[in-house]
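Heads up: the sequence shown runs through residues 1027 to 1330, numbered per our numbering.
What follows is a short report on a single structure.
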Amino acid sequence: MSFTIRQLQYFVAVAEKGSVIGAAQMLSISQSAITEAIKNLEGDLGVTLFDRHARGLDITYNGHQFLRHATKILADVSGARRAFAPSRETLSGRLNVGVTSLMAGYVMSDLLARYRRLNPGVEATAIEDTGEYLEHLLVGGELDVAVMVISNLRDRMALQSEILNVSAFRLWLPLEHKLTRQESISLDDVAREPLIMLNIDEMEDEAVNLLSAFGKRPRIAFRTRSVEAVRSLVATGAGVALLPDLIYRPWSLDGDRIESRDVSGALPILQVGIVWRKGLSLSAATRDFISIAQASQSLKDFRH
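If you want it as structure tokens, here you go:
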């Protein structure tokens, strides 16, 4: 028996919430329906998608691999429905999009692919640069829209933004690290550990400012612009990292496990958003990009 769209829907919800209870509450259905769907999905695929324990569920390596396919399938289904909506117009023209480095891989790739499928008549191009430079291009009219971290948007007088995703910072640790056995992890605990710093989209500034605000001096062991390098370094015990949940994945490229834990205290919140110039008469192509970005978040349009 082949898996169904509904099974994928339930699987993605459980993966996001980390528990059947959380997924059931989000989807407003019974826990037994989700449990049965996941069981049948695992039987159909012939792999274990989640490790069960008293605190909930942990996605397995196979589950993590399948999650990428599941989310893409659901997004494609949602896009197909939008493509044949009676009110949808055929668009043409150009769309110039900006994106910061971190957002290029975690938000923009799927979003731009979906936009191009829905609007083949629009010539859509994207450039990657720093948030500060993208703001400059938006104000100057050289970009129509940008997807970027908006937590520290500089020119709020000239730019309009809308939040697409909010992600809390958490601590990344290697498997069996001593801190994983603690009930509560404090910033004091973090300050004693060597830190792996991701030096893009102001991630390093956020982590350093956080610790400095509490009188802690970070012990920086490694700086890198590669998220995959951070995963590998953390997984192999070179240090820990303070990064947003948006980019957390439980496995490195080598298949080593990475743990993620909350830290007590006021950790920053990463806001990912879509930005355009205030007062600008938006083209139909730009308005549709904004609409698709809004609809694509967490596949809410499909689930409800």
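Don't be surprised by glycine CBs; every beta carbon is placed ideally from N, CA and C.
A quick note: this is a predicted structure, and the numbers were derived from the prediction, not measured.
Given residue 1038, which residues of its chain have a CB within under 8 Å of its CB, disregarding the five upstream and five downstream residues? On the sequence shown, position 12 is the one that residue 1038 refers to. Residues 1093, 1096, 1097, 1100, 1325 of the same chain have their beta carbon placed closer than 8 Å to that of residue 1038, with the five preceding and five following residues left out of the count.
Buried or exposed: where does residue 1116 fall if 16 or more other Cβ atoms within 10 Å of its Cβ makes it buried? Here the question's residue 1116 lines up with position 90 in the sequence shown. With fewer than 16 other Cβ atoms within 10 Å, it is exposed.
What is the rounded straight-line gap between the Cα of residue 1330 and the Cα of residue 1312? Reading the sequence shown from its first residue, position 304 is the one you call residue 1330. Reading the sequence shown from its first residue, position 286 is the one you call residue 1312. Only weak support is given to the placement of residue 1330: the predicted model assigns it a pLDDT of 38, under 50, and the question is left unresolved by the model.
Residues bridged to residue 1203 [DSSP beta-bridge criterion]: Here residue 1203 is taken as the residue at index 177 of the sequence shown, counted from 1. According to DSSP, residue pairing for residue 1203 in a beta bridge does not occur.
Please classify residue 1200: is it buried, with 16 or more other beta-carbons within 10 angstroms of its beta-carbon, or exposed? Numbered from its first residue, the sequence shown carries residue 1200 at position 174. Counting of Cβ neighbours within 10 angstroms places residue 1200 among the buried residues, the total reaching 16 or more.
Which stretch, first to last residue, makes up the beta strand (DSSP E) that contains residue 1037? By one-based count along the sequence shown, residue 1037 stands at place 11. No beta strand (DSSP E) holds residue 1037; the alpha helix (DSSP H) holding it covers 1031-1043.
Measuring CB to CB, does residue 1008 end up less than 7 Å from residue 1300? The question about residue 1008 has no answer here: the residues shown for the chain are numbered 1027 through 1330.
Neighbour-count burial assignment, residue 1285, 16 or more Cβ in a 10 Å radius: Counting from 1 along the sequence shown, the entry for residue 1285 is found at position 259. Buried.
Give the secondary structure of residue 1183 by DSSP, where H, G and I count as helix, E and B as strand, and everything else as coil. The residue labelled residue 1183 in the question sits at position 157 within the sequence shown. Residue 1183: coil per DSSP, three-state reduction.
Just how far apart, CA to CA, sit residue 1390 and residue 1061? No information on residue 1390 is available, as it lies outside the stretch 1027 to 1330 that the chain covers here.
Quick check: what's the CA-CA separation for residue 1137 versus residue 1058? On the sequence shown, residue 1137 is found 111 positions in, with the first residue counted as 1. On the sequence shown, residue 1058 is found 32 positions in, with the first residue counted as 1. A direct Cα-Cα distance of roughly 33 Å separates residue 1137 from residue 1058.
Can you list the alpha helix (DSSP H) stretches of 4 or more residues lying completely in the segment 1231-1272, in chain order? Listed in chain order, they are 1253-1261.
Should residue 1159 go down as buried or exposed, given a rule of 16 or more other Cβ atoms within 10 Å for buried? Position 133 of the sequence shown, counted from the start, is the residue given in the question as residue 1159. Here residue 1159 is exposed, its C-beta having fewer than 16 other C-beta atoms within 10 Å.
Out of curiosity, what's the CA-to-CA distance linking residue 1287 and residue 1211? Walking along the sequence shown from the start, residue 1287 turns up at place 261. Walking along the sequence shown from the start, residue 1211 turns up at place 185. The alpha-carbon atoms of residue 1287 and residue 1211 are separated by roughly 8 Å.
Quick one: is residue 1033 buried, meaning 16 or more other Cβ sit within 10 Å of its Cβ, or exposed? Taking the sequence shown and counting its residues from 1, the one referred to as residue 1033 is at position 7. Its Cβ being crowded by 16 or more others within 10 Å, residue 1033 is buried.
Whether residue 1244 touches residue 1269 by CB criterion (7 Å): Taking the first residue of the sequence shown as position 1, residue 1244 is located at position 218. Taking the first residue of the sequence shown as position 1, residue 1269 is located at position 243. Inclusion of residue 1244 and residue 1269 in the CB contact set at 7 Å is not warranted, their separation being larger than that value.
Residue 1242: which of 1225, 1209, 1155, 1213 sits nearest, CA to CA? Indexing the sequence shown from 1 puts residue 1242 at position 216. Check the Cα spacing between residue 1242 and each of 1225, 1209, 1155, 1213: the tightest is with 1213.
Taking the alpha-carbon of residue 1070 as reference, which of 1030, 1185, 1191, 1102 has the nearest alpha-carbon? Within the sequence shown, the letter at position 44 stands for residue 1070. If we check each option's Cα against that of residue 1070, 1030 comes out closest.
Does residue 1035 pass the burial test, meaning 16 or more other C-beta atoms within 10 Å, or should it be called exposed? Numbered from 1 along the sequence shown, position 9 holds the residue referred to as residue 1035. Residue 1035 comes out buried.
Ignore the nearest five residues each way along the sequence and tell me which others in residue 1223's own chain have a CB closer than 6 Å to its CB. The sequence position of residue 1223 within the sequence shown is 197, counting from 1. Closer than 6 Å at Cβ, skipping near neighbours: 1230, 1246, 1249.
Across the segment 1191-1210 and the segment 1142-1162, are there enough close Cβ pairs to call them in contact, namely three or more that are closer than 8 Å? Cβ pair count under 8 Å is below three, so no.
How is residue 1028 classed by DSSP in three states: helix, strand or coil? The residue labelled residue 1028 in the question sits at position 2 within the sequence shown. Residue state, collapsed to three classes: coil.
With a floor of 3 residues, list each beta strand (DSSP E) that falls wholly inside the segment 1283-1314, ordered by position along the chain. Annotation: the segment 1283-1314 contains the following complete segments of the beta strand (DSSP E) (minimum length 3 residues), in chain order: 1284-1287, 1295-1303.
For residue 1258 and residue 1280, which I take to be in contact (beta-carbon distance under 8 Å), what is that distance rounded to the nearest angstrom? Locating residue 1258 in the sequence shown gives position 232, counting from the first residue. Locating residue 1280 in the sequence shown gives position 254, counting from the first residue. The beta-carbon separation of residue 1258 and residue 1280, rounded to 7 Å, stays under the 8 Å limit for a contact.
Per DSSP, what kind of secondary structure is residue 1073 in: helix, strand or coil? Reading the sequence shown from its first residue, position 47 is the one you call residue 1073. Taken through DSSP and simplified to helix, strand or coil, residue 1073 comes out as coil.
Anyone know if the C-beta pair for residue 1164 and residue 1172 falls short of 7 Å? Reading the sequence shown from its first residue, position 138 is the one you call residue 1164. Reading the sequence shown from its first residue, position 146 is the one you call residue 1172. Yes.
Look at the alpha carbon of residue 1308 and the alpha carbon of residue 1190, and state the distance between them as a whole number of angstroms. Locating residue 1308 in the sequence shown gives position 282, counting from the first residue. Locating residue 1190 in the sequence shown gives position 164, counting from the first residue. Their Cα atoms are separated by approximately 19 Å.
Contact set for residue 1225: own chain, Cβ-Cβ below 7 Å, skip 5 residues either direction: Reading the sequence shown from its first residue, position 199 is the one you call residue 1225. 1249, 1250, 1251.
Residues near residue 1087 in its chain [Cβ-Cβ closer than 7 Å; skip 5 each side]: In the sequence shown, the residue the question calls residue 1087 occupies position 61. Excluding positions up to five away in sequence, the list reads 1277, 1281.
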